[in-house]
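Trainee:
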């Protein structure tokens, strides 16, 4: 007999309509997915990295099927089991009568309904699982780090490779059990196994056994969670120590608590099964067991650790947390490759420009004057050639050996900017088949200018040849100067190249003469062949563009170039890498190559500080020539890969740079073992252009502002922390000063190096604390810190800029440069250079007219030596500025008081048989007085009354400090205390010295 259903049946037409709609939706969905997959395969085949495509795709499918199938079977099985365990007879009640119509509706197609629910749950579970492909590949291919965590003695590889996937599987288990409980409870209720009304038990024995077993499994999974949580505590933030990793209360209270709770959970799981089914067969004792577990979790896992933290740790946190702070310091320095940082003390106590500043051959000649951000407009105006060419908002710094001399160069490539095409030029044919590439790498030495402009030594000049300061000789020649792949290429900027007829040259190549141009046909190996009708149809669907089928520009010899941005290209080839935000071009073996740094990262290194890459790498240049990184939280990073992209044919190569990185080894193993070329295969000429990556340096620099302190007690007090200063010429912007590349020599270095440098200041102060630099020595990365004394008088970048630009004479000259508002005064990189046991500051000054086509020109150079205010000059050139500083230093030396002689030394107390020698703090105070006198004389020479007032105040403070230091000594009874006497202190106009701020006048000698 046919079962009846209270629900109306759908008509045949309705069923057909729904089937058609579902079919169309599935067709378009599958078609879109199929087109994307096919075109991706063709692209990966072009770049010879099909193992990445197949590896990722198969892993996604595997996880989707396995997790989705397991979840569907668990949910579907429990629903079916709940139906099978339904009672045959149900007592009569209003509740059961109400449920009867639902039973009648479900029963005829119950298998279908269960299958639909299981498939839906499995689909969502599979979709979630396929996004975990990276965790699975690391889980399967990861090895050991060779470093054990300090608490459990487990290799770090467990935390990086295994723990994340274990926690994911545990989450899947919890989800499956919870959904099973909900589904089974609903099924038991509908079919009478669980009742809310009527006489007798509210739950049948079968339903009780089923549900209690599921609850017991949930509690057992909770026991596993407690075990994994013990390990995961080494990754969590410790509020007491203000670091990541387990602290005192965690180790001594929470870790034991979680172990106890794990055992309690196992006991409770067993008790639930026994009390519910084998013994008492009711839910009272299982409920009591669950309640006890909850109470234990609160008391043992919450209240007890809180009490230890509040009453034992907080009153003496510095001592209690010291061992765990030390763990955090060591782990962070290891995880971020800070362990081998070389720290050198630099006194910086020379405040007078030394004479050898004018004759130096290692630092001064290499000082960079061109700012890659400001001169981008200059390159565009002088080297643009046509309006659709562009160099981008920021150029790059690299070094080349030209005419036997190595120095840093400002380089850029002349790319197509499709946004600058005119309306007439911006047709589909022109955009994708005519204007396909840029032309030439343009370079200029960073330490040379000619009439305020760069001195171009490389790059095709077109019809601008000979204009300005352009050299007629290409000294950095590129055999293939055409740029088909570049940073200005967007996602939709594909190019169709290639012709079957060699005489047909459709691509605009370069301008010739006035308004003319040469044309070219692409002959490179890059691009996907689209000569067949099938390929044209495929890409017509992908790009939603019918011209692939209709246009005569697409022929049998055509190739399609897409994914043309070098950074996007490497990201697609190596999706497991985090890509640096500042790719840069270099001429290697006659070809223009884009060099991109790739990082391997992890967020599971125990006890290491966790940072957000976007926050740590954002500064003034982010979004203005450098790409912004994703919001990725990491506590381990290595510059493991140097990638190259050929600017002509798009060839991508991945070179291993860190041979000891376990994460890269795991990824290489996951994709067949030969995805990344070994380090020994890096061409020598390419390695000569490697530079310390900017984003990695920013992360390391920011961490060193705290983690240069290795003593736990000092770290906890945070008294010696540093900070990165704001942009010197815009300190109120809140943007951090970007690090800058220099080819220079720092103290302790054997010769000039190409290094990335940044100044740091004490926390919440603006004087200089240290210089941090990153460079390569014999091909290996090296971080160095040049640390100044804690109480240094040397000004930091923000102070120096303000002091230089607020100088009376300099301010007047800067106002003249601005031409009463007709021009803008722009400041380049403020360079902080250690020299002669002091600090030399150099800041180029550009002027840009308000005219529409104007570009910045270098007009002056600001230079300063010492503390930032004593010796300052604004000169027409760097050499003139250096000469002025040396002359100021000579005048200061000539006007300085004579060295102490006889029985009346000017700055030190008299010595004798009953007077202790002048050493330690007393000698330092005497030196400070001598320095203050020299500053007073220098201020008098400059004629700056404001500076003179500051100098007198500094002299008065120095004399007080000397008197205080002298008072701490214990001279022989009867010996009068000596007071330093500044000899011959000058005053403006030759008059006697004015009173010092405390009302007393410094005495004359």
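Numbering (UniProt numbering), first residue to last: 1 to 1005.
Using N, Cα and C, we set each Cβ at its ideal position, and we do this for glycine too.
Note that this is a predicted model, so its numbers are computed, not measured.
(1) Compute the Euclidean distance between the alpha carbons of residue 771 and residue 959, then round it to the nearest angstrom.
(2) Counting only runs that start and end within the stretch 599-637, where is the alpha helix (DSSP H) found for 4 or more residues in a row?
(3) Just how far apart, CA to CA, sit residue 521 and residue 619?
(4) Our contact map puts residue 653 next to residue 644 with C-beta atoms below 8 angstroms; I'd like the distance itself, whole angstroms only.
(5) Is residue 882 near the ligand NAD - that is, is its Cβ less than 6 angstroms away from at least one heavy atom of it?
(6) Whole angstroms is fine: what's the gap from residue 314's alpha carbon to residue 299's?
(7) Looking at the structure shown, is residue 528 part of a helix, part of a strand, or coil, going by DSSP?
(8) Look up residue 761 in the DSSP assignment and say whether it is helix, strand or coil.
(9) Is the beta carbon of residue 293 closer than 7 angstroms to that of residue 268?
(10) Below 8 angstroms on the Cβ atoms is my contact criterion, and I expect residue 378 with residue 453 to pass it. Report the Cβ-Cβ distance as a whole number of Å.
(11) Ordered along the chain, which non-local residues of its own chain (more than five positions away) have a Cβ less than 7 angstroms from that of residue 187?
(12) Since I believe residue 606 is in contact with residue 1013 (beta carbons under 8 angstroms), could you give me their beta-carbon distance rounded to a whole number of angstroms?
(13) Tell whether a beta-carbon distance below 7 angstroms holds between residue 648 and residue 524.
(14) Pick out whichever of 564, 425, 558 has its Cα sitting closest to the Cα of residue 485.
(15) Per DSSP, residue 428 forms a beta bridge with which residues?
(16) May I ask you to verify whether the stretch 606-615 touches the stretch 300-310, counting CB pairs closer than 8 angstroms and requiring at least 3?
(17) Rounded to the nearest angstrom, what separates residue 32 and residue 544 at their Cα positions?
(18) Decide yes or no for the touch test of the stretch 584-602 against the stretch 51-71: beta carbon pairs closer than 8 angstroms, at least 3 of them.
(19) What span of residues does the beta strand (DSSP E) with residue 561 cover, start to end?
(20) Assign residue 839 to one of three DSSP states: helix, strand, or coil.
(21) Using 10 angstroms around the beta-carbon of residue 737, count the other beta-carbons present and answer buried if the total reaches 16, otherwise exposed.
(22) Go ahead and pull the three-state DSSP assignment for residue 145.
(23) Quick check on residue 13: buried or exposed, where buried means 16 or more other Cβ atoms within 10 Å of its Cβ?
(24) Quick one: what's residue 795 bridged to in DSSP?
(25) How big is the Cα-Cα spacing for residue 411 and residue 320?
(26) Pick helix, strand or coil for residue 504, following the three-state DSSP scheme.
(27) Within a Cβ cutoff of 6 angstroms, which residues of the same chain sit near residue 331, ignoring the five residues on either side of it in sequence?
(28) Once DSSP output is grouped into helix, strand and coil, what is the label at residue 475?
(29) When the Cα atoms are used, what is the spatial distance from residue 665 to residue 602?
(30) Note the first and the last residue of the continuous alpha helix (DSSP H) segment covering residue 242.
(31) Can you give me the start and stop residues for the alpha helix (DSSP H) that residue 265 sits inside?
(32) Just how far apart, CA to CA, sit residue 329 and residue 254?
(33) Near residue 164, what residues of its chain come up, given a Cβ to Cβ distance below 7 angstroms and the 5 sequence neighbours on each side ignored?
(34) Near residue 223, what residues of its chain come up, given a Cβ to Cβ distance below 6 angstroms and the 5 sequence neighbours on each side ignored?
(35) Count the other CB atoms within 10 Å of the CB of residue 7; is the residue buried (16 or more) or exposed (fewer)?
(36) Report the three-state DSSP secondary structure of residue 905 (helix, strand or coil).
Mentor: Put simply:
(1) Approximately 31 angstroms, taken between the alpha carbons.
(2) Counting only runs of 4 or more, we get 613-617.
(3) For residue 521 and residue 619, the distance between alpha carbons rounds to 41 angstroms.
(4) Right, the Cβ-Cβ distance comes to about 5 angstroms (below 8 angstroms), so this counts as a contact.
(5) Inclusion of the ligand NAD in the displayed structure is not the case, the ligand content being empty and no account of it being possible.
(6) The straight-line gap from Cα to Cα measures roughly 20 angstroms.
(7) Here residue 528 sits in strand by DSSP.
(8) The three-state secondary structure of residue 761, taken from DSSP, is strand.
(9) For residue 268 and residue 293, yes; Cβs fall inside 7 angstroms.
(10) The C-beta distance from residue 378 to residue 453 rounds to 6 angstroms, short enough to fall under 8 angstroms.
(11) Within the same chain, and ignoring the five residues on either side of residue 187 in sequence, the residues whose Cβ sits closer than 7 angstroms to its Cβ are 79, 82, 83.
(12) Lying before the first or after the last residue shown, residue 1013 is absent from the chain, which here runs from 1 to 1005.
(13) The answer is yes: Cβ separation under 7 angstroms.
(14) Ranked by Cα distance from residue 485, the options 564, 425, 558 are led by 564.
(15) Answer by DSSP bridge pairing: none, since residue 428 is not bridged.
(16) Under the Cβ criterion (8 angstroms, minimum of three pairs), the stretch 606-615 does not count as touching the stretch 300-310.
(17) Roughly 11 angstroms between the two C-alpha positions.
(18) The stretch 584-602 is not in contact with the stretch 51-71.
(19) 559-561 is the span of the beta strand (DSSP E), which, as asked, contains residue 561.
(20) In the three-state reduction of the DSSP assignment, residue 839 falls in the strand class, which pools E and B.
(21) By the neighbour-count definition (other C-beta atoms within 10 Å, threshold 16), residue 737 is a buried residue.
(22) Residue 145 falls in the coil class under three-state DSSP.
(23) Under this definition residue 13 is an exposed residue.
(24) Secondary-structure assignment with DSSP links residue 795 through a beta bridge to 767.
(25) Rounded to whole angstroms, residue 411 to residue 320 spans 54 angstroms at the Cα level.
(26) Shown here, residue 504 sits in coil according to DSSP, grouped into three states, outside any helix or strand.
(27) 607, 608, listed in sequence order.
(28) Of the three classes helix, strand and coil, the one that applies to residue 475 here is coil, per DSSP.
(29) Within the model, the alpha-carbon separation for residue 665 versus residue 602 is close to 14 angstroms.
(30) Premise fails: residue 242 is in no alpha helix (DSSP H) and is neither H nor E.
(31) DSSP places residue 265 inside the alpha helix (DSSP H), whose first and last residues are 255-273.
(32) A direct Cα-Cα distance of roughly 22 angstroms separates residue 329 from residue 254.
(33) Excluding positions up to five away in sequence, the list reads 135, 604.
(34) Its chain contains 262, 265, 266 as the residues whose beta carbon lies nearer than 6 angstroms to that of residue 223, once the 5 sequence neighbours on both sides are disregarded; these appear in chain order.
(35) Residue confidence for residue 7 is low, a pLDDT of 48 falling below 50, so the modelled location carries little weight and cannot support an answer.
(36) Confidence at residue 905 is low in this model, with a pLDDT of 43, below 50, so the placement of that residue is unreliable and no value is reported for it.
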